[in-house]
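Beneath this line is the structure, given in structure tokens, with notes to follow.
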Amino acid sequence: MKMEEGMQLIDENGKFNVDGLQDFVTATELAQSGLSYAIVAIIGSQSSGKSTLLNQTFHTKFKEMDAYNGRSQTTKGIWIAKCSDIDPFTIVMDFEGTDSNQRGEDDAAFERQSTLFALEIADVVLINMWCKDIGLEHAASRPLLKTVFQVIKRSSKQPKKTLLFVIRDHTKTPLERLKKFIFEDIEKIWDAVPEPETTTLYEFFKVAQLRQQFVHSTCPGGLVGDRKKVKSASFSIYAEDIWKTIKENKDLDLPSIKVMVATFRCEAIAEEKLKCFTSNKRWLAIKEDVQAGPVPGFGEDVTSILETYMTLR
Numbered sequence: 000m001k002m003e004e005g006m007q008l009i010d011e012n013g014k015f016n017v018d019g020l021q022d023f024v025t026a027t028e029l030a031q032s033g034l035s036y037a038i039v040a041i042i043g044s045q046s047s048g049k050s051t052l053l054n055q056t057f058h059t060k061f062k063e064m065d066a067y068n069g070r071s072q073t074t075k076g077i078w079i080a081k082c083s084d085i086d087p088f089t090i091v092m093d094f095e096g097t098d099s100n101q102r103g104e105d106d107a108a109f110e111r112q113s114t115l116f117a118l119e120i121a122d123v124v125l126i127n128m129w130c131k132d133i134g135l136e137h138a139a140s141r142p143l144l145k146t147v148f149q150v151i152k153r154s155s156k157q158p159k160k161t162l163l164f165v166i167r168d169h170t171k172t173p174l175e176r177l178k179k180f181i182f183e184d185i186e187k188i189w190d191a192v193p194e195p196e197t198t199t200l201y202e203f204f205k206v207a208q209l210r211q212q213f214v215h216s217t218c219p220g221g222l223v224g225d226r227k228k229v230k231s232a233s234f235s236i237y238a239e240d241i242w243k244t245i246k247e248n249k250d251l252d253l254p255s256i257k258v259m260v261a262t263f264r265c266e267a268i269a270e271e272k273l274k275c276f277t278s279n280k281r282w283l284a285i286k287e288d289v290q291a292g293p294v295p296g297f298g299e300d301v302t303s304i305l306e307t308y309m310t311l312r
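Residue numbers (numbering that gives the first Met the number 0): 0 to 312.
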């Protein structure tokens, strides 16, 4: 598996590729990175050049649209790849474009779910848009931003996210004016979303400019900034559970990351201990003897075995 070419993490039907992610983690040695890694996701309209932008920026090899054959859906579902030549270890996620003819207006569930996934899993979210589309309801990802803001406002313990707006095919309009238009749009959306208490847009997000570097992004003052404390070894099970939670429509009640990781570890340890216990030779012998009748010292022997596996090491 060539990690820069990526693998499909979630298909167009919403199925999570558990085995594929495990292979990805193993092949890239992600688990050895500890907390020194970053995740970048990109969202935006179909055919807006998201895959091309990622390939040119991060030296990945996501499949790109062939413009000579017309505009069509190239990226289906969510793809993941490892960036080359960037420190710290950086993962890039290429998301299926929004507003596609293939899904149509009546199938917006996946768009919403994948956007929530991007927001929850990524440290930096790139929002790709055409310069000529700034201010338009759908092309400027306004519905997606509304979804993002709704979730964030209901979760006051979320770490800050970096939203990086990428403007394609910049026209003669001065960049400062475009920046003003974008800020006005997102602030209007933010203010229109009901909230449990008074908050400002900047309490939840750090807005970055395209010229900022991804190198050393996890350092103080870097793009990642306030980040999740999920160790790389727990990434695969964390990502799977996030997607499962979103698919079950529990996206507005995500538990804290520490609680989730602790739950994952406890379940994994319990499963491992149970497996060791049920295959223990002493236990198997006692289990067989019990079939014939009372076993002398049963309680003492079983207690001794249980104590061995009830102790965390």
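Using N, Cα and C, we set each Cβ at its ideal position, and we do this for glycine too. Quick caveat: nothing in here was measured; it's all calculated off a predicted structure.
Expressed to the nearest angstrom, what Euclidean distance is found between the alpha-carbon atoms of K322 and T27?
Because the chain in this structure spans residues 0 to 312, residue 322 falls outside the shown range and cannot be described.
Restricting to Cα atoms, I'd like to know which of N12, E11, A30 and Q7 is closest to Y237.
Answer by Cα proximity: A30.
If you reduce the DSSP assignment to three classes, tell me which class I13 lands in.
A small fix is needed here, since residue 13 is Gly in this sequence, not Ile. G13: coil per DSSP, three-state reduction.
For D18, count the other beta carbons within 10 Å of its own beta carbon; 16 or more makes it buried, fewer makes it exposed. Which is it?
exposed
Quick check on the burial criterion: 16 or more other C-beta atoms within 10 angstroms. Buried or exposed for N248?
Classification for N248: exposed.
Over the uninterrupted alpha helix (DSSP H) stretch that includes A238, give me the two end residues.
F234 to K246
Assess, as a yes-or-no matter, whether the region 6–23 is touched by the region 54–65 under the definition of 3 or more beta carbon pairs within less than 8 Å.
no
Going straight from the alpha carbon of S235 to that of S278, what length do you get?
27 Å
Is the beta carbon of L20 closer than 9 Å to that of Y239?
For the sequence presented, residue 239 should be read as Glu rather than Tyr. In this structure, L20 lies closer than 9 Å to E239 by Cβ.
Does DSSP put D93 in a helix, in a strand, or in coil?
strand
Let me know if K160 comes out buried or exposed under the rule of 16 or more other beta-carbons within 10 Å of its beta-carbon.
buried
Can you give me the C-alpha to C-alpha distance between S231 and G33, rounded to a whole angstrom?
Rounded to the nearest angstrom, the two C-alpha atoms are 5 Å apart.
Throw me the rounded Cβ distance for the A40 and L115 pair, which I believe falls under 8 Å.
At roughly 11 Å, the Cβ-Cβ gap does not stay under 8 Å, so A40 and L115 are not in contact.
Using the Cβ count rule (16 or more neighbours within 10 Å means buried), how would you classify I85?
The residue in question, I85, is buried, as its Cβ has 16 or more Cβ neighbours within 10 Å.
Return the bridge partner residues of K81 from the DSSP annotation.
I90
Kindly list the residues whose CB is nearer than 8 Å to the CB of E306, restricted to its own chain and excluding five residues on each side of it in sequence; keep chain order.
So the list is empty, once near-sequence residues are dropped.
Which value, in whole angstroms, describes the spacing of the CA atoms of A207 and A267?
Residue confidence for A207 is low, a pLDDT of 46 falling below 50, so the modelled location carries little weight; the figure read from the coordinates is stated next. Approximately 38 Å, taken between the alpha carbons.
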